[in-house]
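Residue numbers (the working numbering), protein chains in the order written: chain Z, 6 to 386; chain C, 141 to 570.
Where a beta carbon is used, it is the ideal one built from N, C-alpha and C, also for glycine.
Everything numeric in this text was worked out from a predicted model, so none of it was measured.
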Amino acid sequence: MELDLTADQEVFAQTTTKFLDDEASPTDLRALRHDPTGFSSAYWRQGAELGWTSLLVSEEDGGGSISGGGLTDLALVSHQFGRFAAPGPLLPTNVVAAALSHRGSPEQKADVLPGLLSGETVGAWCWAEPPPNDRLGKVAMTATVTDDGYVLNGRKGPVEAGAQADHLLVVAQSDGRPVQLLLPAGTPGVTVVAAQGLDLTRRYAEIHFEDVRVPRTSLLGDASSGVDDIEWQLQLANVIQMHEMVGAMEKAFEITMEWMFNRYSFGRPLASYQELKHRSADMKAWIEVGHGIADAATLHVQGRGDRAGEYTSAGKAYLGVYGVDVLQDCVQIHGGIGVTFDHDMHLYLRRVVVDSLLFGTVSDHRQRLTTLLETKEDANA
Amino acid sequence: MPEASVEPVEDFRRRLHPWLEDNVPRAKRPGWGMAMTQGQLSDDEELAEVAHQRDLQRRLFDAGFAGICFPKEYGGQGLTPAHQQAFDEEIWPYEWPFRLQVPTLQPCATVILDYGTEEQKRQHLPAILCGEEIWMQLLSEPTGGSDVAGAQTTAMRDGDEWVLNGSKIWTTGAWWADWGLCLARTNWDVPKHRGLSVFMLRLHQPNIEVHRIEMLNGSREFCQEFLTDVRVPDTDRIGDVNQGWTVGSRWMFYEKSFGMLSFTTRPTPPAGAEASGGFRAGDVGAAYVSEARRAGRLDDAATRELIGEAHALSLASSEGTSRIGKAMAAGKLSNQAAGLTKIIGGTLGIRQSNIALQLTGSSAAAWTEENEAAGARGTAFLVRQTGQIAGGTLEMSRNVVSERLLGMPRELSVDRDVPFRDVPRGPSAH
């Protein structure tokens, strides 16, 4: 995305960068290590003012993009989130806001969107489920239709910002079809179990739903819109992850390059060893490929193209391997210091590893690609 | 040429489409010929194919479709990369002169375009674009592949002529090509990069002996040439005397950037077209799915995962390469970034080759007539490293990227500031 920015996008990206530079330094991140929320509400409100939460929301709904293509703008923010390993529920809030703006009823929008847009409230997308229902696309949670609404039963997790969220957008099976239901976090029968997580500032939870009764108006869209909406939201989540991963790879690589020039062993800088030069060249190539596939996927999703799922899965399958490898190689080149808490490398390593595991693992996305290819072949036959 | 006078791409496409249908035969296998060494033809068949492709090129030239991104004054069309892309898509179902693309149009013709004199350009570029001249690169030598600037083939001045002696190797199709671009040493008493010059020479002459080399897959496309007192007029020198490395650097850039520039034709199935039979970056997965279905292995989770992995790598490589090209065009990455694409091939590409072999299984090792495609996969795997060797090795690209793009310290060199004559040479080189 960074190759052909409009002047407005440049300013937008710079503003976010400057803000994160001031508010999300490695020292700030370390200070949040034991913070149960992982970000301060003032920080998140300021980010929202910069536009972090409004890019996928239509102008009629109070949002708006910089370039007309909200997802490419959001990609710029995600990229910086990767570069800074920045705190804040960027992914869940944007996915929930996008889903509401796209499909929400006027009441749902009025209830929830203003708070998400201003950063006063946070949304959580309850999509994943714990084992044994943790393969991509599997939904075991049920929403049983009653006379006046639904009864929800099941478990969701990991849910990012699950304990911090004011609104839950829950994926469940109803009459054999996946649907999404929007409910307030405090609804009776909902139990939030905070999880331990690899990321220093991102908080995850497992959420248990036990005979949770919600009115019919909780349904997002109708019973038939769920399949496509959930797929689209997954693609959005994957795009945000990919740009974060590329940003984190880039930053880790820059730190490692600087280290190799400054660190001397046997009387010469590490940067002068051919073996390390060759690995650096490979890493540079893999980062460029990361940019390429992340940008292509973003445009496919933004344009709602036929191949959007294919490109997002390809990106996740690629970055889940090469992104993680780049980060671990950066650690290796640092030697012992690279695996200490005081060094910054783990901030980016955590971010990349977490992004590689959530919203589809490498294996999930590889297999999904084959399924997509198969479907395409059947359609052509 | 002012922007406004360029023919709109869609007009170009509308003009091209019916012409191709009326004048060019349909291809038996669309896209076939993307890799030059893939055919196993008899010599007679190969010569007939070369003649046929010259004729195709002539037809394109006469109809105003040859050299789309070459300037009009030298027989090209003076159009844009977007026109070439439209051409690549339109020509997909038809036969195309693949033997006249690389290295004739790029790097040879592009080097002439950049460094040739006006006279040289007028003599050769139209002749190349109309299919009369097929060019090859006389670059590598038996004594050193990657160390191109260490060329030992020597050119001695004799009046208005030069006399060349030495040997060149890895010249594709030199036995049927017409001309060669040759890097030779014109001064042994200065450091290696400062004593080189570039010459154009006719390949078919008594003083050049062309030997064909058999590769391990049976291909006999590569040649070695022995030059004995080959006389070249000074007017066939490109660039200044002893400034050959300036030309050579550009030459090598062109050698690594086919995919990023638009001087050559690379047939591409138009968006939405079924790509079976040919190949398009990003569509390998579809072929694997059909194969696995035929082999009854599509339900196997391991197979499904490998197919997905290969497809992901293919899309990622292709998008990565295209982004690097765009970044270079926009001046955001230096030309040295061309080496990154080699690394993509050498890492992601290698993994894709391994997957191809795994998916094919035992019939890649031994096959019958019914299963020749599997055999071809096996054979292709044996030459897996070709892409990491030809046109500069992967290791050289890694050096270039790390030193020139990332600014890391250069390798210690013992041949930089000494006369080339005094550079140590192994026992095999005299």
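- Listed by position along chain Z, the residues whose Cβ is nearer than 9 Å to that of C/I484 are A290, W291, E293 and V294.
- Leaving aside the five residues that flank C/A291 on each side, the residues in its chain whose CB is nearer than 7 Å to its CB run, in chain order, E281, L323, A324, R325 and L336.
- Between C/T461 and C/D228, the gap from beta carbon to beta carbon reaches 8 Å or more.
- For the region 192-217 of chain Z, the set of residues with a beta-carbon nearer than 7 Å to any beta-carbon of chain C is empty.
- In its chain, beyond the 5 residues on either side, T533 and M536 have a beta carbon closer than 6 Å to the beta carbon of C/S286.
- Following the DSSP letters along the chain, one finds C/I348 in no alpha helix (DSSP H) but inside the beta strand (DSSP E) bounded by residues I348 to R352.
- Chain C has a Cβ within less than 8 Å of the Cβ of Z/Y323.
- With respect to C/R352, C/W315 sits close: the two C-beta atoms are nearer than 8 Å.
- For the pair Z/M6 and Z/H84, the CB atoms are nearer than the 8 Å cut-off.
- In the structure shown, Z/Q201 adopts coil according to DSSP, grouped into three states.
- For C/G320, the CB contacts under 6 Å within the same chain, skipping 5 residues up- and downstream, are M276, L278, L341 and L343 in chain order.
- Cβ neighbours of Z/Q178 within its own chain (closer than 6 Å, five residues either side excluded): V144 and T147.
- In the DSSP annotation of this structure, the continuous segment of the beta strand (DSSP E) that includes C/L367 starts and ends at F362 to P373.
- Between Z/V331 and Z/A286, the CB-CB gap reaches or exceeds 8 Å.
- Within chain Z, L8 have C-beta atoms less than 7 Å from the C-beta of C/K466, given in sequence order.
- If you draw a straight line from the Cα of C/F210 to the Cα of C/L219, it comes to about 7 Å.
- Where C/A450 is concerned, the enclosing alpha helix (DSSP H) starts and stops at A441 to A469.
- Nearest in C-alpha terms to C/F398, of all of C/A432, C/D440, C/A289 and C/L245, is C/L245.
- In terms of Cβ geometry, Z/D171 and Z/P193 do not form a close pair [threshold 8 Å].
- Beta bridge pairing from DSSP links C/E273 with no other residue.
- Taking the beta carbon of C/A435 as reference, no residue of chain Z falls within 7 Å; the closest one sits roughly 14 Å away.
- Looking at the DSSP output, Z/L377 shares a beta bridge with no other residue.
- Nearest to Z/L157 by alpha-carbon distance, out of Z/G124, Z/R221 and Z/A104, is Z/R221.
- C/N539 reaches chain Z at Q279, K282, H283 and A286, counting residues in chain order whose Cβ is nearer than 9 Å.
- Along the region 223-240 of chain Z, none of the residues has a CB nearer than 7 Å to a CB of chain C.
- As DSSP reads the structure, C/R377 sits in a beta bridge with C/F339.
- Residues of the region 238-265 of chain Z with a C-beta atom less than 7 Å from some C-beta of chain C are M262, listed in chain order.
- The DSSP-derived three-state label of Z/P163 is strand.
- Within the DSSP secondary-structure output, Z/G128 pairs in a beta bridge with Z/H172.
- Minimum Cα-Cα distance from Z/P41 among the listed residues Z/E382, Z/R309 and Z/P92 corresponds to Z/P92.
- Residue burial annotation: Z/L81 is buried, with at least 16 other C-beta atoms found within 10 angstroms of its C-beta.
- By the criterion of a C-beta distance shorter than 8 Å, Z/M265 is surrounded in its chain by P274, L275, A276, L281, S285 and I338, once the five residues flanking it on both sides are discounted.
- Annotation for C/G384: no beta strand (DSSP E) segment contains it, though the alpha helix (DSSP H) segment containing it runs G384 to E395.
- Sorting C/H264, C/I231, C/H223 and C/I268 by C-alpha distance to the C-alpha of C/V242 places C/I268 at the top.
- Pairing C/V523 with C/N357 gives a Cβ-Cβ distance under 8 Å.
- Using beta-carbon distances, Z/P137 does not count as an interface residue toward chain C, since no partner is under 8 Å.
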